[in-house]
Amino acid sequence: MALGMFSFGSADTIAKFMAGGYHPLQIVGIRQTGLLVGITLFVMFTRQNPFHTKAPKMQLFRGLCATVSAFLFVIGLRYIPLTDASSIAFVAPFFVTILGVVFLREQVGIRRITAIIAGFLGTMVIIRPGFDSFHPAYLVVIVSAFLFATRQVISRSLAGVDPTVTTVAFTALTSVFLLALVQPFVWKPIPREDVILFMVYAACSGFGEFLVIKALEIAQAVVVAPLQYTMIFWTTGYGYLIFGNIPDIYTVIGAAIIIASGLYTLQRSRPRVTKVGPF
């Protein structure tokens, strides 16, 4: 999982680097192609058939949410620091909890509600609405996180219907198909010096997806999920080394609140174990 987050952090860094010269739809199209390659490698490695689904409409809707979420996130990366975007993106687990209550009738106690509120307060600390440092792109990243959470809730609904590899494969196929439709209108020729960078970008995206899937297969989600937050450290390092961005005190405090709230939410989601016997 940690290596997967490193791969995703590397991909986001390249996306931000390229966002100033290429249309976000072109960047996301290349990213999702990398995802499709990654899932193809996974299928070859495991010899599974991912192209049979019992819920095609839900799979297509999940793919749509994933595509728009990735597109909006790249737009956000163009205008705000990498660490800020990564930190705000981690409000997605709180959206997942809220959507789970609304659509899946999941039960949430007062402690998890408090953690959700704290997480959103952490987001407000980072974006500081009403101050000169505020940029509308922060809201774009929040919408991206909401759509990502919607994608995750759909994944929960599909868990008992289709295997994970099918869900990821359909998301990749849907994204590549939708983005291919718009490429003639946004595609910009890629100079030779950028081709390798885009290849690394696509490879990091696909490899990251592969690693996360394997991590969730090897260990329980509640065990490996906290390692998602290592991505903030990777993006902070990249932001400093490549873009010269040093997180201000508000970003540090806000990110700390989001991480602490997220870890607490994961802990409260851990299945309870009832002891049997005298020990």
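Residue numbers (full-length UniProt numbering): 1 to 279. Even for Gly, the Cβ is constructed at its ideal location relative to N, Cα and C.
- A distance below 8 Å separates the beta carbons of Q26 and W187.
- Between G208 and F51, the gap from beta carbon to beta carbon reaches 8 Å or more.
- Taken in chain order, the unbroken stretches of alpha helix (DSSP H) that lie wholly in the segment 45-130 and span 4 residues or more are 56-79, 82-89, 92-103 and 110-127.
- Per DSSP, the continuous alpha helix (DSSP H) segment holding P184 begins and ends at T164 to V186.
- Per DSSP, the unbroken alpha helix (DSSP H) holding Y238 starts and ends at T230 to F243.
- In the structure shown, D248 falls within a coil segment according to DSSP collapsed to helix, strand and coil.
- DSSP places I190 outside both helix and strand once states are collapsed to three, so it counts as coil.
- Ranking A169, T83 and Q107 by CA distance to the CA of Y138 puts T83 first.
- For the pair L197 and T46, the Cα-to-Cα distance works out to about 29 Å.
- In this model, Y264 and I39 are separated by some 31 Å (Cα to Cα).
- Collapsing the DSSP output to three states places F134 in coil.
- In the pairwise beta carbon analysis, the segment 230-247 is classified as not touching the segment 100-114: fewer than three pairs are separated by under 8 Å.
- I80 sits away from H23, with the two beta carbons spaced by 8 Å or more.
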